[in-house]
Each structure stands twice: as C-alpha cells, then as structure tokens.
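Participant:
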Ligand code: GDP
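Residue numbers (the UniProt record's numbering): 1 to 368.
1) Using the three-state DSSP reduction, which class does residue 62 fall into: helix, strand or coil?
2) From residue 6 to residue 75, what does the alpha carbon distance come to, in whole angstroms?
3) For residue 64, count neighbouring C-beta atoms within 10 Å of its own C-beta (all shown protein chains included) and say buried if the count is 16 or more, exposed if not.
4) Are the beta-carbon atoms belonging to residue 160 and residue 112 less than 8 angstroms from one another?
5) Is it the case that the Cβ atoms of residue 272 and residue 154 are separated by a distance below 8 angstroms?
6) Cβ of residue 227 within 8 angstroms of Cβ of residue 258?
7) Just list the residues that DSSP pairs residue 266 with in beta bridges.
8) Return the chain-ordered ranges of every beta strand (DSSP E) run that is complete within the region 177-263 and spans a minimum of 3 residues.
9) State buried or exposed for residue 117, treating a residue as buried only when at least 16 other CB atoms are found within 10 Å of its CB.
10) If you run the structure through DSSP and keep just helix, strand and coil, what is residue 323?
11) According to DSSP, is residue 353 part of a helix, a strand, or is it coil?
12) Assess contact between the region 69-85 and the region 295-309, defined as three or more Cβ pairs (one per stretch) separated by less than 8 angstroms. Is contact present?
13) Determine the extent of the alpha helix (DSSP H) in which residue 289 is found, giving its start and end residues.
14) Per DSSP, residue 69 is paired with what?
15) CB-CB under 6 angstroms to residue 293, same chain, minus the five flanking residues each way: which ones, in chain order?
16) Determine the closest residue to residue 23 out of 315, 88 and 59, with distance taken between C-alpha atoms.
17) At the level of alpha carbons, what is the spacing between residue 240 and residue 323?
18) What's the C-alpha gap between residue 353 and residue 77?
19) Per DSSP, what are the beta-bridge partners of residue 316 in this structure?
20) Report buried or exposed for residue 174, applying the criterion of at least 16 other Cβ atoms within 10 angstroms of its Cβ.
21) Within the same chain, show all residues whose beta-carbon is closer than 6 angstroms to that of residue 288, passing over the 5 residues directly before and after it, in chain order.
22) Cutting at 6 angstroms between CB atoms, please list the residues of its own chain near residue 225, excluding the five before and the five after it.
23) Any chance the CB of residue 238 is under 7 angstroms from a heavy atom of the ligand GDP?
24) From the DSSP output, read off the bridge partner residues of residue 111.
25) Output the boundary residues of the beta strand (DSSP E) element that contains residue 13.
26) Confirm, please, whether the CB-CB distance from residue 333 to residue 362 is below 8 angstroms.
27) In terms of alpha-carbon separation, which member of 345, 246, 358 and 20 lies closest to residue 53?
28) Hey, how far is the Cα of residue 15 from the Cα of residue 92?
29) Can you tell me whether DSSP reads residue 308 as helix, strand or coil?
30) Let me check understanding here. Comparing Cα to Cα, which of 30, 262, 12 and 188 lies closest to residue 149?
31) In angstroms with no decimal places, state the Cα-to-Cα distance between residue 329 and residue 262.
32) In terms of DSSP beta bridges, what is residue 361 paired with?
33) Got a sec: does the ligand GDP put a non-hydrogen atom nearer than 7 angstroms to the Cβ of residue 288?
34) Assuming residue 25 and residue 69 are in contact, meaning their beta carbons sit under 8 angstroms apart, how far apart are those beta carbons, in whole angstroms?
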C-alpha cells in the first residue's frame, strides 16, 4: 500500500487523501498524510461516508492530520463531491490546468532581450557584451522576423540574444530611420527570459522608458535596468537621474540597476551576473513546506486586516508557476485582501526565497 501511494504521489500535481468517517482516524491515514507532507504537494482531505452524520462533527478528528482543506463527502450519493472537484482544480498548479504558453526555455541558453528607445546605446552595449563573448552560429540576417536570435557563450554560460536593435543587420537600415517599435519590443519581451531595459542617463529617464518597463512587468519577465551613458555626467546630473529613477521606476523595486558606459565598457562586465541571478530567480522551485513556513511567519509578523469585522485567514500556500514565480495562497475571504497586504506578502516571499530580478505574483484563492 505504501509503495503504491508513493508511486502515485511521485507522478501527481495534487493529491486527495481519502479517509473513512465511519472507521475514524487510524495509523495508516497518519502515515500517508506524513508521506504527502514530505512530497510538498497541494493536498486535500476528503472525509468520506458522512451521510447520516453531522459532517462537521464527523470530520473534526481528521483535522489532526494537519492537512489544510477538509472536505466532508458521501461518495456513494455524490454529496460534497462537486465542491471537492472544484477545490482540486483550484489547487492544481497553473501549468497543469492550462496548456503551457510557448516556453521561453525553447531558446538555447538564457534568452535575453535588449530593449530601449532608439539611440540609448543598445547596439553599443550588445557589441560590448559580444566583445568578450564567443558568438555562436545564428539565423542569417535578412530573415523576415522582426527580431533574430543570436546565441553566444560567456564564462561557460550560454545565452541567446533576442536582437531587436538590428545590430547584426544595421547596414540594411538607413541611419536615423529607426523608430521605437513597440511591437518589436513586445515580441522580444515575450521570447526572452530576462530583459535588459536600456535607458540614457544623458537624456534622462522618460515616460517612454517607464512604458517599456510596464510592458516587461505585465509580461512577467525578469528585468535588469541599465542606465547607460553614465560617463561624463556631473554629480548634480547623477543625482537628478537617481531621483527620476525613484520616481518613474518606483514600481520596479525588484529589478537591479546598473549604471554603465557602453562606450567605455565601464560596468558592463557585471550585467550578465545580474542576468544569471534574475533568470535563476524567475525559474526557482519553491518547496511547499518552505512556502507555508514563510506564509505563517509573514502572518505572525503582520496580521491580515479585518474585512467586514472578520479576520482574513490565510491557510496555506503553494507554487503555481515559474517565470514569473506564482505563489497561490489559500484561505477564507482572501480575495478581499487589500492590495497593500498582497504586496507585503510578495515582498516577504521575495526576501525569503531571493526572488530578486523577477516579478512575483501572489494569487489568492478561497477555500475552507
Ligand atoms: P541604439 O539605437 O539604442 O542601438 O543606440 P546606439 O548603440 O546606436 O547608440 C546611439 C548613440 O549613443 C551613438 O552615437 C553611441 O556612440 C552613443 N553611445 C552609446 N553608448 C554610450 C555611452 O555609454 N556613453 C556615451 N557618451 N555615448 C554612448
């Protein structure tokens, strides 16, 4: 029985532990519950054969198993089964429920997009990055795609540059006609795992920069902010750029900022390190037990507010996806949690699991 349970758990995205209300809690239930806890899956507890009994009383002793959601059911009559099915669907990780989107991982190595307004220095920066890298064979220029993929290798790590700047076919583009193509940028953002958003310190941080950053955030991509042309700026100008960054990029607190000069190469060497860290964070596996521990600590440090006189109860959490990391929080009335509290949880999880460089999404789901 144990072997079978173990094999089933190994293949599962979620588990339903079925117990018998008429027989009561026994040692075998406890053993399987222990097994499930170690597997770190979302688990639902179905207490069967409650027909003819008070469902609450009949299932009370099974709370001792310490498995989040308890569903009293009567399988023979179907009582409580639709609600159980809904709960199973809600507990499944997002990727098990929906057909997966085209995976960014399909590109070879870490797919990196370099985006930004015209003339901020994207081509100069890319040539700098390539200057120290081994550029591998790539799709020939002249392709009709808006962006081309250029694989390269540095320090034994592979990347694929999603080239929208047209660095590799610039000769075909007459000087000065390049406009900011949002469609091209969006395509590159979609294909990338990590986006390098390049801005121009000498021009200042503009509304257009903020809009591009907004697209990255919306797509849920990992982000590294590059403030280019840092050379030749006086202290007052530098202070102004930092102030503008705080103002316009306030919503990008998760992203690292790099002040560089693509022309001179200053600071460029550190960029790929941040790309690596952001990529790793975006794809990190968050074990359910650790997530639950973090959730309980977050709640203990700062209680959720009262909503209509009742305290919102956060029961358990599990990971719902990668790139960006999605953390699904279950509880009572959780959809009424104020946005500020959800942000508090996001930041708590970010700090605990070192999720810097990537957006984190906390999704709230109701479940008794
Ligand atoms: P792109 O349109 O974003 O690809 O920008 P380019 O790489 O073509 O650069 C636009 C202009 O900015 C060129 O004249 C570059 O020489 C200049 N530029 C690029 N990076 C720097 C930098 O770090 N410092 C300074 N002062 N100029 C730069």
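Note that beta-carbon positions come from the ideal geometry of N, C-alpha and C, so glycine has one too.
This one's a predicted model, so the numbers in the text were calculated from it and none came from an experiment.
Facilitator: Taking the geometry as given:
1) helix
2) 24 angstroms
3) exposed
4) Taking 8 angstroms as the Cβ cut-off, residue 160 and residue 112 qualify as a contacting pair.
5) Cβ atoms of residue 272 and residue 154: closer than 8 angstroms.
6) Taking 8 angstroms as the cut-off, the beta carbon of residue 227 is found closer than this to the beta carbon of residue 258.
7) Residue 266 has 261 as its beta-bridge partners, per DSSP.
8) 194-200, 222-228 and 256-259
9) buried
10) DSSP places residue 323 in coil when its eight states are reduced to three.
11) coil
12) no
13) Its alpha helix (DSSP H) spans residues 288-301.
14) 44
15) none
16) 59
17) The alpha-carbon atoms of residue 240 and residue 323 are separated by roughly 33 angstroms.
18) 45 angstroms
19) 330
20) With a pLDDT of 48 at residue 174, under the threshold of 50, the modelled position of that residue is not reliable, and no figure is offered here.
21) 40 and 318
22) 197, 255 and 257
23) no
24) DSSP links residue 111 through a beta bridge to 160.
25) That residue, residue 13, is in no beta strand (DSSP E); it is neither H nor E in DSSP.
26) no
27) Looking at 345, 246, 358 and 20, the one whose alpha-carbon comes closest to that of residue 53 is 20.
28) Approximately 9 angstroms between the Cα atoms of the pair.
29) coil
30) 188
31) 43 angstroms
32) Looking at the DSSP assignment, residue 361 forms a beta bridge with 326.
33) no
34) That belief does not hold up - the Cβ atoms of residue 25 and residue 69 are roughly 17 angstroms apart, past 8 angstroms.
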